[in-house]
Amino acid sequence: SSSSSSSSSSFSSSSSSSSSPSTSLSIPPFPTSIPPPPTSNPPPPTSVPHWATHKPLAALGLPMAAVALIDNEASKGLPGEESNLLVMPTWEEADDLGEAAFEILVRELLALPIGVDMRVECRRIGAMAAAAHVADETAVEKRRLEKEQKLERRG
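For the sequence shown, position 51 matches number 51 in full-length UniProt numbering, and the numbering has no gaps at all.
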């Protein structure tokens with residue numbers, strides 16, 4: 001009677017009635033090659049950093065009520081898709097490195113019921129995260145100077 005319970009917890013496919021369970025596992029081999037990425041999407045132009053581009057949501061066929069684009073810049077959303085943009089404060093410029101804002105983001109997203117319209121929730125959650133952001137003025141000034149230097153190098 002005890003042998004039937006021990007054989008059910010065994011990893012082996014055999015129904016042995018021995019007192020020690022078998023631990024043989026069949027693990028498939030790890031793939032040795034990774035297929036190349038699809039060529040349908042060309043790489044972004046080299047003159048524009050990949051993070052400085054717009055993020056088209058509707059063009060990708062995404063259900064707009066179920067999509068949130070989370071970014072630290074409001075300019076990333078396309079016209080007509082602004083309500084899907086959840087703007088988060090820049091963590092490098094926060095006294096707490098963005099912990100309070102990120103905690104709000106995670107808590108609020110996880111609390112949302114399935115099927116909620118994200119176009120409504122993005123603005124609400126973004127406003128809560130912005131209110132929790134406490135800027136580190138030294139970091140803000142440093143970032144402003146870095147942006148100026150980049151513009152000077154380009155121009």
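No residue lacks a Cβ here, since even glycine has one placed at the ideal position from N, Cα and C.
Using the C-alpha atoms, what's the distance from G155 back to I125?
Approximately 37 angstroms between the Cα atoms of the pair.
Contact between the stretch 92 to 99 and the stretch 129 to 143 is defined here as three or more beta-carbon pairs at a separation below 8 angstroms; is this criterion met?
They touch, by the three-pair rule.
Could you please give the first and the last residue of the uninterrupted beta strand (DSSP E) stretch that includes L85?
Segment L85 to V87, the beta strand (DSSP E) holding L85.
Let me know the secondary structure DSSP gives I70 once reduced to three states.
In the three-state reduction of the DSSP assignment, I70 falls in the strand class, which pools E and B.
Could you give the DSSP three-state label for I125: helix, strand or coil?
For I125, the three-state secondary structure derived from DSSP is helix.
Please tell me whether E81 and L105 are closer than 8 angstroms, where the distance is taken between their beta carbons.
At a Cβ-Cβ threshold of 8 angstroms, E81 and L105 do not count as neighbours.
Helix, strand or coil at V106 [DSSP, three-state]
In the three-state reduction of the DSSP assignment, V106 falls in the helix class, which pools H, G and I.
Rounded C-alpha distance that separates R59 from F102:
The amino acid at residue 59 is misidentified as Arg; the sequence shows Ala. If you take the alpha carbons of A59 and F102, they lie about 28 angstroms apart.
So, under 8 angstroms CB-CB, L69 and L86 are touching, yes? Tell me the CB distance rounded to an integer number of Å.
The C-beta separation of L69 from L86 comes to about 7 angstroms, placing the pair in contact by the 8 angstroms criterion.
Using C-beta distances below 6 angstroms, list every residue in its chain close to K55, excluding the 5 sequence neighbours before and after it, in chain order.
Within the same chain, L69 and K76 come within 6 angstroms of K55 by CB-CB distance, once the 5 residues on both sides are set aside.
Once DSSP output is grouped into helix, strand and coil, what is the label at V116?
If DSSP states are grouped into helix, strand and coil, V116 belongs with coil.
Determine the DSSP secondary structure at K147, reduced to helix, strand or coil.
Here K147 sits in helix by DSSP.
CB-CB under 6 angstroms to D117, same chain, minus the five flanking residues each way: which ones, in chain order?
A65.
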